[in-house]
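*Asks:* Before we start, here is the structure in question, set down as structure tokens.
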Amino acid sequence: MSAKANILAKLRNSLAGTQPIADDYDVALVTEPWRYPAGERISRLRQLMEAVHTETHLTTTTDWPALVERLLAVRQLPSLLIAPGTPHGAQLAAHFAGRPGLPVLKAYDRPVEEWKAELFDDTPASLTGTLGAIAATGSLILWPDRHEPRLMSLVPPVHFALLKASQIRDNLYEVMQEQRWAAGMPTNALLVSGPSKTADIEQVLAYGAHGPKDLIVLILEDA
Amino acid sequence: MSDLFYDAAPNATRVAPPLPTPRQYPAHKPANVYLFGTCVLDLFFPEAGMDAIRLLEREGIRVHFPQAQSCCGQPAYTSGYTDEAREVARAQLALFEQDWPLVVPSGSCAGMVRHHYAELFKDEPETLARARALAERTFELAEFLLYICKVEFQDQGAPTRIALHTSCSARREMNTHLHGRALLAQLTGVERVDHDHESECCGFGGTFSVRMPDISGAMVADKTRALRESGAAQVISADCGCLLNINGAFEKQNAALRGQHLASFLWQRTGGGR
Amino acid sequence: MSQRIPAVEIPSRELKHNAHDALQDRQLRGNMRKAMDSLMAKRLASMPDDFEREHLREMGNHVRARALSQLPDLLERLETNLTRNGVKVHWAETVDEANAIVLSIIRAHEARQVIKGKSMVSEEMDMNHVLEAEGIEALESDMGEYIIQLDHEKPTHIIMPAIHKNAKQVASLFHDKLGEAYTEDVDQLIQTGRRVLRQKFFEADIGVSGVNFAVAETGTLLLVENEGNGRMSTTVPPVHIAVTGIEKVVENLRDVVPLLSLLTRSALGQGITTYVNMISGPRKSDELDGPREVHLVLLDNGRSQAFADGELRQTLNCIRCGACMNHCPVYTRIGGQAYGTVYPGPIGKIISPHLMGLENTPDHPSASSLCGACGEVCPVKIPIPALLRRLREENVKSPDDPHKVMRGQGSKYSASERLLWKGWRLLNTSPLAYRAFGLLATRLRGLTPNQLGPWTQHHSAPKPAARSLHELAREHLEGK
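Protein chains in written order, with our numbering: chain Z, 2 to 224; chain Y, 87 to 360; chain U, 249 to 728.
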């Protein structure tokens, strides 16, 4: 018999004559304590994310590329990794186009194997979109895909994330239902709630463990 | 903050019992009660048992003490000797047949009867029904005085400071920390001080203290240090195992501080003599 | 079918001895007390509402119990959905089988370097040593795990593996082992770890991770973490191998909602961790990164034994938050390594006997005062004290007891101790004997020896009262 057959046989034998426990999932318990008036979602999200060293900015659908430009300058970042196949990637590229002296926009447009060393050693910042955010926990929702691959939000030390204010929801349960996650998950889905951190040495909190050291969220108030 | 929390001291583990439906208490004092003395109290703190009897009698209650009683069975039960515990429990079960409350002046023993007898007799339907009925009318002494006798103590003692230690299992099963605190709060001359890590175990744990003497010893060392540093003149507890442990350690350390049973303290503060 | 006991776990037989040593280590006790106090306070601050916390624990218990009540079906459903998503699922009854599976994947890729995200199941498998013996580098990338691997130690805590060390100790370690300039600055120490490990993520052929929750409904593996090493290990290397226990499955994606909230708040007092990583498959043909292969190894290793008993099955509710350790007065004093088991603390005392047999963990069920702190904070309401008591019962069973519950049952059976308890029973069921004993004890109180074995190491010998309550009560109540 295979390991699988053995394990399943043992488990089934142990359950002989029993019925599965009925599902009495308490939706109210995972939603009611985590509801916020529409006007407070942004402030709660910012408060929670800033408490874990996230930088947040309020901006608009037209102004954000200029804000990114300013923030890159402040941080003296020489380049920014973008996803050229996304609307926001295209918008930023248009904003930067034909203006020499600005940081270089790098496109993540080929398999990682072809430029892994550059990604690790010479890509100081990236910009990605988000699918929305969760006010209850201060979390961004990311579903990386072929246009905006997984490593964009992980390897570069500075991560800019665009968030449409209208896409901020109260809690995880609500997001799962509204976006119908159970009907089809992508290869990788993420909740990101700040820059990477660790408290593994004497419980002292340190940021920039293995992922980004800085997370900068640009909230588009008019989107 | 809810009073479910046991927020006695800085660094204390705060303890909230698992949302029980609050226990319903009879509206009136009964005319008769049984006293279950339990083994450690019987041999090491008999005066506390007598003070419990006196406190109850002062409330106009007739106390019955079946002489055939011995131990609740807890030592064997927690050591894994379930069969032996069951037989000892069975012997006790037979002694409290009248429908009178069973008052126990030791928290963990009260918890044993109230919460674990049913488990012991789960395969004996008839005995189980009796065990459940007994559990229903089993009360820890402080709980009984507070909610059924509705005592209102007049403190007659000199001002003093005390620290309260509650047995962990009794606190978790019987809320003894709330009852003890409420009774002590009635004593106007008594200031109850917190001690560091108040809700942490003193290290007794029945046979644990002899099976794992190093660990248990480290725990009681920390507990007694916290009690000594609390500024209390006296330690009060309603749990005889803990008292045996804490007093034994104090004595070994040549410390002046001692623990006294809650029943004796209450009796002495409220006009009772010796 | 022989169960392999990794060499590192042998000290578990020496719990008492280890505890004795650990208790002498003032540095350790100080570090542990400080850390546990902080973790307890953080947990409570993140769960201030009694109603929400207690009902959510109830729900957590229910979600886990519901999953276990249909475990074999859910495992098959998980496999079906993961397979559909392109993940290869493997089953292993023993750690040997699990290691063989991992090795075969590694060999198929001719891999030399493995980078590991945090995984307690891989610790169960002693995977690092197994791989090293085959000439394969296996490097831990969780900062705490990395620190203890550098120091050739075992994790002391399931969430914070290096919690027993302070910054000074880590500073010396990095100085000695990595040749770094000595610094106690935690930020700098972490940056050192980041630098070293980034290179390893970059080079690694294979990433290994654990799993926090496996969702049967969608075929999704959830990893919960703060550092990003879990994401790195599962995204950068071309092959990802996840290893997990068969109990980690939940029925539906939405079941993760209460469990996630309970896990992060119970463990670290965080509303959520920095990353919740949901993996449902390898890189698709048109995607630009992610592993090309994802494997899941489902390990039994004694879990089906716990599963077989309705009471002991509750052990498998565990979501590995570590709250029971943080609140345990024994764990706080002796630290995790004294247990000599992969899982220390209260959960370790109830799960290890299933993984390793009671014969290898004979003292574990007894190393508890049954104070109940663990059960009170457990986010999925495992009745840990009741299970410890039950294991004590199994431990002292007669070896020829026909009712076989677990491996190594009866390991603490002692004819003389059983006789002692039989005597205790006789004493306490026979009023005459009890009365005689009481009389003897009180009248001969002067003869109580001053040395009573272990008790008098820390206490003076107890002296019975002059007269028992039985006597005093009889006198007092007679004639009333």
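Positions of the beta carbon are idealized from the N, C-alpha and C atoms, including for glycine.
So is T19/Z buried or exposed if we call it buried at 16+ other beta carbons inside 10 Å?
*Replies:* So T19/Z counts as exposed.
*Asks:* My guess is that T60/Z and L219/Z are in contact by the Cβ rule of under 8 Å, so how many angstroms apart are they, rounded?
*Replies:* 5 Å between Cβ atoms; contact.
*Asks:* Note down, in chain order, each residue of its chain lying with its Cβ closer than 7 Å to the Cβ of V169/Z, except the 5 sequence neighbours on either side.
*Replies:* One detail in the question is off: residue 169/Z reads as Ile in this sequence, not Val. Contacts found: R42, I43, L46, G133, A134, A136.
*Asks:* How big is the Cα-Cα spacing for L143/Z and A118/Z?
*Replies:* About 24 Å.
*Asks:* Given that S317/U touches chain Z, what residues does it touch there, using C-beta distances under 8 Å?
*Replies:* The contacting residues are L16, T19, Q20, P21, I22.
*Asks:* Across the region 189-200 of chain Z and the region 510-528 of chain U, are there enough close Cβ pairs to call them in contact, namely three or more that are closer than 8 Å?
*Replies:* In short, these stretches touch, since the Cβ pair count reaches three.
*Asks:* Rounded to a whole number of angstroms, what is the C-alpha to C-alpha distance between P125/Z and L73/Z?
*Replies:* So the alpha carbons of these two residues sit roughly 10 Å apart.
*Asks:* Threshold first: 3 residues or longer. Then list the beta strand (DSSP E) segments lying entirely within the region 59-110 of chain Z, N to C.
*Replies:* With a minimum length of 3 residues, the continuous beta strand (DSSP E) runs that stay inside the region 59-110 of chain Z are 80-83, 105-108.
*Asks:* I'd like to know whether the C-beta of L229/Z is nearer than 9 Å to at least one C-beta of chain U.
*Replies:* Residue 229/Z is absent from the structure shown; chain Z starts at 2 and stops at 224.
*Asks:* Suppose the cutoff is 6 Å on Cβ atoms and the five residues either side in sequence are ignored; what does the same chain contact list for C288/Y look like?
*Replies:* Cβ within range, chain order: V306, K309, C328, N331, I332.
*Asks:* Quick one: grab the DSSP three-state call for H303/U.
*Replies:* H303/U falls in the helix class under three-state DSSP.
*Asks:* Tell me which residues of the region 626-648 of chain U have at least one Cβ-Cβ distance to chain Y shorter than 7 Å, keeping chain order.
*Replies:* Listed by position, the residues of the region 626-648 of chain U near chain Y (Cβ gap below 7 Å) are R637, R640, E641, N643, V644.
*Asks:* Indicate the three-state DSSP secondary structure (helix, strand or coil) for D215/Z in the structure shown.
*Replies:* Looking at D215/Z - three-state DSSP - the assignment turns out to be strand.
*Asks:* Who are F1/Z's beta bridge partners in DSSP?
*Replies:* As displayed, chain Z neither begins before 2 nor continues past 224, which places residue 1/Z out of reach and without an answer.
*Asks:* Pick helix, strand or coil for K366/U, following the three-state DSSP scheme.
*Replies:* If DSSP states are grouped into helix, strand and coil, K366/U belongs with coil.
*Asks:* Would DSSP call Q320/Y helix, strand or coil?
*Replies:* In the structure shown, Q320/Y sits in a strand (DSSP, three-state: E or B).
*Asks:* List, in order along the chain, the chain U residues whose C-beta lies closer than 7 Å to that of R297/Y?
*Replies:* Chain U residues near R297/Y: S614.
*Asks:* Which of helix, strand or coil does DSSP assign to N608/U?
*Replies:* Of the three classes helix, strand and coil, the one that applies to N608/U here is helix, per DSSP.
*Asks:* So what's Q242/Y in DSSP terms, helix, strand or just coil?
*Replies:* Coil at Q242/Y, not helix or strand.
*Asks:* Considering only C-alpha positions, which residue in the set I582/U, E382/U, K425/U, K416/U is nearest to I394/U?
*Replies:* Reading off the sequence, residue 394/U comes out as Tyr, not Ile. Closest option to Y394/U, Cα to Cα, is K425/U.
*Asks:* Going by C-alpha to C-alpha distance, which of D123/Z, L68/Z, T63/Z sits closest to E56/Z?
*Replies:* E56/Z has its Cα closest to that of L68/Z, out of D123/Z, L68/Z, T63/Z.
*Asks:* Using a C-beta to C-beta distance shorter than 7 Å, which residues of chain U count as neighbours of Q204/Z?
*Replies:* Per Cβ cutoff of 7 Å: A283, S286.
*Asks:* Quick one, which residues of the region 261-273 of chain U are near chain Z if we go by CB-CB under 7 Å, in chain order?
*Replies:* If the cut-off is 7 Å between Cβ atoms, the region 261-273 of chain U has nothing near chain Z.
*Asks:* Can you tell me whether D300/Y is buried or exposed? The criterion is at least 16 other CB atoms within 10 Å of its CB, across all chains shown.
*Replies:* D300/Y is buried by the Cβ-count criterion.
*Asks:* Looking at G99/Z: is its Cβ nearer than 9 Å to the Cβ of L128/Z?
*Replies:* Not a contact, by the Cβ cut-off of 9 Å.
*Asks:* Three-state secondary structure (DSSP) at Q168/Z?
*Replies:* Note: Q168/Z maps to helix in three-state DSSP.
*Asks:* Rounded to whole angstroms, what is the Cα-Cα separation between K338/Y and R140/Y?
*Replies:* Their Cα atoms are separated by approximately 32 Å.
*Asks:* Would you verify that the beta carbon of E559/U is, or is not, closer than 9 Å to some beta carbon of chain Z?
*Replies:* Not closer than 9 Å to any Cβ of chain Z, the Cβ of E559/U fails to qualify, so no.
*Asks:* Starting from H347/Y, follow the beta strand (DSSP E) in both directions and report where the run begins and ends.
*Replies:* Where H347/Y is concerned, the enclosing beta strand (DSSP E) stretches over 345-347.
*Asks:* Could you give the DSSP three-state label for T404/U: helix, strand or coil?
*Replies:* Note: T404/U maps to coil in three-state DSSP.
*Asks:* What does the Cβ neighbour count give for M2/Z, buried or exposed, with the cut at 16 atoms within 10 Å?
*Replies:* Exposed is the call here.
*Asks:* Going by alpha carbons, who is nearest to L206/Y out of C158/Y, E229/Y, Y233/Y, S194/Y?
*Replies:* The shortest C-alpha separation from L206/Y is found at C158/Y.
*Asks:* Should L720/U be flagged as near chain Y, meaning a C-beta pair shorter than 9 Å?
*Replies:* Yes, L720/U counts as interfacial toward chain Y.
*Asks:* Do we get a CB-CB distance below 9 Å when we pair G245/Z with the residues of chain U?
*Replies:* Outside the displayed span of chain Z (2 to 224) sits residue 245/Z, for which this structure offers no information.
*Asks:* Examine the Cβ distances between the region 497-515 of chain U and the region 449-465 of chain U and report whether three or more of them are shorter than 8 Å.
*Replies:* Output reads yes: the region 449-465 of chain U touches the region 497-515 of chain U.
*Asks:* Give the DSSP bridge partners of N676/U, in chain order.
*Replies:* According to DSSP, which records beta bridges pairwise, N676/U is partnered with nothing at all.
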